[in-house]
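Participant: Residue numbers for the sequence shown, in our numbering: 3 to 384.
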Amino acid sequence: MIGYSGNNRGQLTGDGPEPGSKHKFNPAAKPFMCQWKRCAVSSGGTGNQKKAEAPREQDIAYIGPTHLPVNTRIWSSISSYSLEDIARTYPPVARAAQSQQLAKVFPVVTNGFSNAYPVNKTHHASCPANQAPFGPILLSNGVIQLSLRDSILVELTLSSVKVINPKKNIAISVSVDTTAAAMHHPNGVVFQNGAQVEIVACDAKKSNNFIRFAKMWQKGISFTSQGCAVIYLVDSAGTRTTSDLIGMDLRSNYVDQVFFSDVTSDAETMDALEQVVRRSNYHLGSEGSLVYQINNCRITQGSDGLVKLSCQNNQYSIRTSPSNGSATVTTPGIHCTASLGATSHLFVRREERRMHFDGAVFIVRNAGHSAGFDELNRLRVY
């Protein structure tokens, strides 16, 4: 059978069907969209469409302080960590809300101390309302409190000590057995728990918005930065990426966590604390300094306001100044310094592991190797 087709004049020919005509672009036509994309962007989708999207969202989990998105199926097949313990299934908050959260951790203090560290306004009955009592007093929560000049407070329990410098937003606490220590400073937060030290560093002068994280532990030093999808490890082999996690919680009050870990207010403890207060004494030191002796702790405040605390034959010590915002804590397990002066910095050392932050450059050192982030938050291996 012979096929016929019509030519452009409407006549039939015996040459078979003509080639199909070419498609022409129509600029007035609506853009083509895949069905699943149309469901995703549609604001008035049906309930069935929303249910179809749910499995797609549940395949993503967010891990670590940087909220790194990972595929749950791939993670479960390659990692030994359970996502139920280390991840969240909902997206991280918006950047604006995240900035507000960080502002609570590193607040700008104007006329008082951060709400994270409330100051107990307890006075002797014989003292005027606007004047702090002289000497240590015992509070109802089982804490001995000593008020010094420049609003500095020293608080002690039978198992821990804490120094608060409210004018510079500084707080430091150490457990008596030196297994735990914490420091809150405008340049960052340091938390030591046993053999592990966790660090958050940010610029107190607000010249940049970078927030860096580090963890000193038995493998070396792990570090990362907010917005960085990779966690790095500096060990004896050098610098490399790692699947280990940094679990620093920006909402936690590590200073009070260390200080109140073993605090009780039962009758026996209160009697022991009352005896500590009665046995305390003070004397005038050299150059106008005032020296207190409370429960094997020597507390000194110089004429310039600098406070020094040393306990148990200098096994651990704390220093802070209301003038330049300096702070130091030294124990057998950690040495940490920070300052808001001309050399604003945060420095942490544990054994051969070190971290130094000057407000812009963040460097960690371990086993002869160094790495970190530069002033533009770019990775640098030294």
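Just so you know, even glycine gets a beta-carbon here, dropped at the ideal spot from N, CA and C.
Remember, it's a predicted structure, so these values are computed and weren't measured experimentally.
Considering only C-alpha positions, which residue in the set 220, 230, 247 and 250 is nearest to residue 237?
Facilitator: Residue mapping note: residue 237 aligns to position 235 of the sequence shown, counting from 1. The candidate whose alpha carbon is nearest that of residue 237 is 220.
Participant: Between residue 224 and residue 246, what straight-line distance do the alpha-carbon atoms span, to the nearest angstrom?
Facilitator: Mapped onto the sequence shown, residue 224 falls at position 222. Mapped onto the sequence shown, residue 246 falls at position 244. Cα to Cα, the separation comes out at about 8 Å.
Participant: Excluding five sequence neighbours on each side, which residues of the same chain lie with their C-beta closer than 7 Å to the C-beta of residue 153?
Facilitator: Translated into positions along the sequence shown, residue 153 becomes position 151. For residue 153, where only same-chain residues beyond five positions count, the Cβ hits under 7 Å are 168 and 169.
Participant: To the nearest angstrom, how far is the alpha carbon of residue 194 from that of residue 301?
Facilitator: As a position in the sequence shown, residue 194 is number 192, starting the count at 1. As a position in the sequence shown, residue 301 is number 299, starting the count at 1. Residue 194 and residue 301: Cα-Cα distance of roughly 23 Å.
Participant: Out of 200, 77, 369 and 296, which one is the CA nearest neighbour of residue 249?
Facilitator: Taking the first residue of the sequence shown as 1, we reach residue 249 at position 247. Checking every option, the nearest Cα to that of residue 249 belongs to 200.
Participant: Rounded to a whole number of angstroms, what is the C-alpha to C-alpha distance between residue 138 and residue 192?
Facilitator: Here residue 138 refers to the residue found at position 136 when the sequence shown is read from its first residue. Here residue 192 refers to the residue found at position 190 when the sequence shown is read from its first residue. When rounded, the distance between both Cα atoms is 28 Å.
Participant: Do residue 264 and residue 1 have their beta-carbon atoms positioned less than 9 Å apart in this structure?
Facilitator: An answer regarding residue 1 cannot be provided, because it is not within the stretch 3 to 384 covered by the chain.
Participant: How far does the beta strand (DSSP E) with residue 154 in it reach, from first residue to last?
Facilitator: Counted from its first residue, the sequence shown places residue 154 at position 152. Segment: none, residue 154 is in no beta strand (DSSP E) and carries neither H nor E.
Participant: I need the DSSP call for residue 269, collapsed to helix, strand or coil.
Facilitator: By 1-based counting over the sequence shown, the position of residue 269 is 267. Note: residue 269 maps to helix in three-state DSSP.
Participant: Assess, as a yes-or-no matter, whether the region 281–300 is touched by the region 156–164 under the definition of 3 or more beta carbon pairs within less than 8 Å.
Facilitator: Yes: the two stretches touch, three or more of their Cβ pairs being nearer than 8 Å.
Participant: When you compare the CB positions of residue 164 and residue 149, do they come within less than 9 Å of one another, or not?
Facilitator: The residue you call residue 164 lines up with position 162 of the sequence shown. The residue you call residue 149 lines up with position 147 of the sequence shown. No, the Cβ-Cβ distance between residue 164 and residue 149 is not below 9 Å.
Participant: Tell me, please, whether the region 226–241 touches the region 363–374 by the rule of three or more beta-carbon pairs shorter than 8 Å.
Facilitator: The region 226–241 vs the region 363–374: in contact.
Participant: Using the rule of at least 16 other Cβ atoms within 10 Å of the residue's Cβ for burial, across every protein chain shown, is residue 341 buried or exposed?
Facilitator: As a working note, residue 341 is residue 339 in the sequence shown. Buried, by the Cβ-count rule.
Participant: Please look up how many angstroms separate the CB atoms of residue 203 and residue 190, rounded, as I've assumed it's under 8 Å.
Facilitator: In the sequence shown, residue 203 corresponds to position 201, counting from 1. In the sequence shown, residue 190 corresponds to position 188, counting from 1. So it is a contact: roughly 4 Å between Cβ atoms.
Participant: Whose CA, out of 308, 151 and 184, lies closest to the CA of residue 196?
Facilitator: Sequence index remark: in the sequence shown, residue 196 carries index 194 (1-based). Checked all of 308, 151 and 184; the closest Cα to residue 196 is 184.
Participant: Pull up the distance between the alpha-carbon of residue 384 and that of residue 146, whole angstroms please.
Facilitator: Taking the first residue of the sequence shown as position 1, residue 384 is located at position 382. Taking the first residue of the sequence shown as position 1, residue 146 is located at position 144. Distance between the alpha carbons of residue 384 and residue 146: 47 Å.
Participant: Is the beta carbon of residue 275 sitting closer than 9 Å to the one on residue 378?
Facilitator: On the sequence shown, position 273 is the one that residue 275 refers to. On the sequence shown, position 376 is the one that residue 378 refers to. Not a contact, by the Cβ cut-off of 9 Å.
Participant: Is the CB-CB distance between residue 335 and residue 226 below 9 Å?
Facilitator: Taking the sequence shown and counting its residues from 1, the one referred to as residue 335 is at position 333. Taking the sequence shown and counting its residues from 1, the one referred to as residue 226 is at position 224. Taking 9 Å as the Cβ cut-off, residue 335 and residue 226 do not qualify as a contacting pair.
Participant: If you compare alpha carbons, which of 211, 72, 64 and 143 is closest to residue 269?
Facilitator: Your numbering for residue 269 matches position 267 in the sequence shown. If we check each option's Cα against that of residue 269, 143 comes out closest.
Participant: Under 8 Å by Cβ, that's how I've got residue 1 and residue 348 pegged, so tell me the actual separation to the nearest angstrom.
Facilitator: Lying outside 3 to 384, the shown extent of the chain, residue 1 is not represented and no answer is given.
Participant: Could you name the residues of the same chain whose beta carbon sits closer than 6 Å to that of residue 339, not counting the 5 residues immediately before and after it, in chain order?
Facilitator: Sequence index remark: in the sequence shown, residue 339 carries index 337 (1-based). Excluding residues within five positions, the ones whose Cβ falls inside 6 Å are 330 and 349.
Participant: Using only the alpha-carbon positions, how far apart do residue 285 and residue 355 sit?
Facilitator: On the sequence shown, residue 285 is found 283 positions in, with the first residue counted as 1. On the sequence shown, residue 355 is found 353 positions in, with the first residue counted as 1. When rounded, the distance between both Cα atoms is 40 Å.
Participant: Between the C-alpha atoms of residue 72 and residue 352, what's the straight-line distance to the nearest angstrom?
Facilitator: One-based indexing of the sequence shown puts residue 72 at position 70. One-based indexing of the sequence shown puts residue 352 at position 350. Their Cα atoms are separated by approximately 33 Å.
Participant: From the DSSP output, in three-state form, read off residue 226 for me.
Facilitator: Along the sequence shown, read from residue 1 onward, the residue named residue 226 stands at position 224. Reduced to three states, the DSSP call for residue 226 is strand.
Participant: Leaving out the 5 sequence neighbours to the left and right, which residues in its chain are closer than 6 Å to residue 205 when beta-carbon positions are compared?
Facilitator: Taking the sequence shown and counting its residues from 1, one reaches residue 205 at position 203. Answer for residue 205: 361, listed in chain order.
Participant: With burial defined as no fewer than 16 other Cβ atoms inside 10 Å of the residue's Cβ, what is the status of residue 120: buried or exposed?
Facilitator: As a position in the sequence shown, residue 120 is number 118, starting the count at 1. Summary for residue 120: the model assigns pLDDT 42, below 50, so the residue's position carries little reliability; its value from the coordinates is reported in the next sentence. Exposed, by the Cβ-count rule.
Participant: Residue 312 to residue 321, Cα distance in whole Å?
Facilitator: Here residue 312 refers to the residue found at position 310 of the sequence shown. Here residue 321 refers to the residue found at position 319 of the sequence shown. If I take the Cα positions, the gap works out to 9 Å.
Participant: Please classify residue 112 as buried or exposed, where buried requires at least 16 other C-beta atoms within 10 Å of its C-beta.
Facilitator: In the sequence shown, residue 112 corresponds to position 110, counting from 1. Only weak support exists for where residue 112 lies, its pLDDT of 32 falling under 50; the value from the coordinates is given anyway. Exposed, since its Cβ has fewer than 16 Cβ neighbours within 10 Å.
Participant: What do you get for residue 266, buried or exposed, if any count of 16 or more other CB atoms within 10 angstroms of its CB means buried?
Facilitator: Locating residue 266 in the sequence shown gives position 264, where the first residue counts as 1. Its Cβ having fewer than 16 others within 10 Å, residue 266 is exposed.
Participant: Grouping DSSP H, G and I as helix and E and B as strand, with all else coil, what is residue 348?
Facilitator: Within the sequence shown, the letter at position 346 stands for residue 348. Strand at residue 348.
Participant: Assign residue 207 to buried or exposed, taking buried as 16 or more other Cβ atoms, counted over all protein chains shown, within 10 Å of its Cβ.
Facilitator: Within the sequence shown, the letter at position 205 stands for residue 207. The residue in question, residue 207, is exposed, as its Cβ has fewer than 16 Cβ neighbours within 10 Å.
Participant: Buried or exposed, going by whether 16 or more other CB atoms sit within 10 Å of the CB of residue 325?
Facilitator: Locating residue 325 in the sequence shown gives position 323, where the first residue counts as 1. By the neighbour-count rule (16 or more Cβ atoms within 10 Å), residue 325 is not buried but exposed.
Participant: Give the range of the beta strand (DSSP E) segment to which residue 318 is assigned.
Facilitator: The sequence position of residue 318 within the sequence shown is 316, counting from 1. Its beta strand (DSSP E) spans residues 318–322.
Participant: Please list, in chain order, all residues of the same chain as residue 371 whose beta carbon is under 7 Å from its beta carbon, the five residues on each side excluded.
Facilitator: One-based indexing of the sequence shown puts residue 371 at position 369. These residues qualify, in order along the chain: 236, 240 and 241.
Participant: So what does DSSP say about residue 258, is it helix, strand or coil?
Facilitator: If you number the sequence shown from 1, residue 258 lands on position 256. It is helical.
Participant: Could you tell me which residues DSSP puts in a beta bridge with residue 77?
Facilitator: In the sequence shown, counting from the first residue as 1, residue 77 sits at position 75. Paired residues: none, contrary to the question.
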